[in-house]
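In structure tokens:
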């Protein structure tokens, strides 16, 4: 990866990214990659869908708490 | 008398209501039943706003203290914008510190190849790989106080083959330079001169362009804010000529 930024790379990579296990959940007919954060909430890491319109759906934006997607 | 009574009775039993009115009443009843409200708010703006913030994240997930724009979400959104019948234009707002070269170029190429009019507005900063992303739109604006840092691509970490690494970095840099000169009014010589200028940045070589400087350099089209950006976008949408979008890109390529 070539990173092109005026910031110091030490600032960007200050801490190691936490290796959070990702789970696959089917929500409302869409495959979602879900991670569980330290605060106990399940959040959307990534949506996997072949329908581009799903990516404009506010419910499936990254970091959305899963409970708010369901209700 | 009897006949008229029957007539009145018949009318009250089946009032003549137009079909459209019936449907409207039915859908309102459905809304109340399903959502507890007579009117459901529907966001039907013809302009889609996309905000590019923080680091543009590429193939590697960045540590959590970074704010990032994830390309795996933004790229399909651009596909959705292109194929949507309701969305007529794209407003791209940038406040980014740069990021992954390939992810940034991927976004820039997607924006540049949209058939719908697009306008970018650089607020705060549009640094490094944010430069190609901000100029990829049909027309670009920069806030008077916003800055754009132009500097060479650099690397850290282990270098095994020096000539090969140099060649690779040179190619990566050429990709960025070529995109910028093909989508803005700046010349290659001028852009490289800004990129390798010494004495302006403390920790790097390069240049910081503030608001008007970016316009004078030929990178951005105009200094402005949200009002001008939306006004210009709506103007292009109202003209409803896809050829205008292509013409605008071609005009930039000609580099006056």
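Protein chains in written order, with the numbering used here: chain A, 19 to 89; chain B, -9 to 246.
Even glycine gets a Cβ: it sits at the ideal position worked out from N, Cα and C.
Item to check | C-alpha gap between residue 128 of chain B and residue 201 of chain B, whole angstroms | outcome: One C-alpha to the other measures close to 19 Å.
Next on the checklist: Which residues does DSSP list as the beta-bridge partners of residue 60 of chain A?
Outcome noted: A:54
Checklist entry - Do you know how far the Cα of residue 144 of chain B is from the Cα of residue 159 of chain B? => result 8 Å
Next on the checklist: Please identify the residue among A:33, A:56, A:62, A:71 whose C-alpha is closest to the C-alpha of residue 85 of chain A.
Outcome noted: Comparing Cα positions, the closest option is A:62.
Next on the checklist: Against chain B, with Cβ distances strictly below 7 Å, would residue 25 of chain A count as a contact?
Outcome noted: Output row for residue 25 of chain A: interface = yes.
Checklist entry - For chain B, is any of its Cβ atoms less than 7 Å away from the one on residue 86 of chain A? => result no
Checklist entry - Going by DSSP, what residues sit across from residue 90 of chain A in a beta bridge? => result Any property of residue 90 of chain A remains undetermined from this structure, which presents chain A solely from 19 to 89.
Checklist entry - What number of angstroms, rounded off, separates the C-alpha of residue 188 of chain B from the C-alpha of residue 157 of chain B? => result 23 Å
Next on the checklist: Out of B:41, B:110, B:65, B:72, which one is the CA nearest neighbour of residue 215 of chain B?
Outcome noted: B:110
Next on the checklist: Please state the DSSP three-state secondary structure of residue 177 of chain B.
Outcome noted: coil
Checklist entry - Can you tell me the Cα-Cα spacing of residue 45 of chain B and residue 88 of chain B, whole angstroms? => result 6 Å
Item to check | residue 147 of chain B versus residue 27 of chain A - alpha carbon distance | outcome: 11 Å
Next on the checklist: Taking DSSP's pairing of strands, which residues face residue 82 of chain A in a bridge?
Outcome noted: Residue pairing by DSSP places residue 82 of chain A opposite no residue, since no beta bridge is assigned to it.
Checklist entry - Are residue 140 of chain B and residue 197 of chain B touching if we call contact CB-CB under 7 Å? => result yes
Checklist entry - Do residue 101 of chain B and residue 22 of chain A have their CB atoms nearer than 7 Å? => result The Cβ atoms of residue 101 of chain B and residue 22 of chain A do not sit closer than 7 Å to each other.
Next on the checklist: Quick check for students: name the residue ranges of the beta strand (DSSP E) that lie wholly in the stretch 89 to 170 of chain B, counting only runs of 3 or more.
Outcome noted: 108 to 116, 129 to 132, 137 to 140
Next on the checklist: Distance cutoff 7 Å, beta carbons only. Does residue 38 of chain A sit that close to anything in chain B?
Outcome noted: Between residue 38 of chain A and chain B, the shortest Cβ-Cβ separation is not below 7 Å.
Checklist entry - Roughly how many angstroms lie between the CA atoms of residue 106 of chain B and residue 41 of chain A, to the nearest whole one? => result 37 Å
Next on the checklist: Going by DSSP in three states, residue 49 of chain B sits in which element: helix, strand or coil?
Outcome noted: coil
Next on the checklist: Mapping the DSSP letters down to three states, classify residue 77 of chain B as helix, strand or coil.
Outcome noted: coil
Item to check | Proximity winner among A:77, A:70, A:83, relative to residue 116 of chain A (alpha-carbon distances) | outcome: Because chain A spans 19 through 89 in this model, residue 116 of chain A falls outside it and cannot be assessed.
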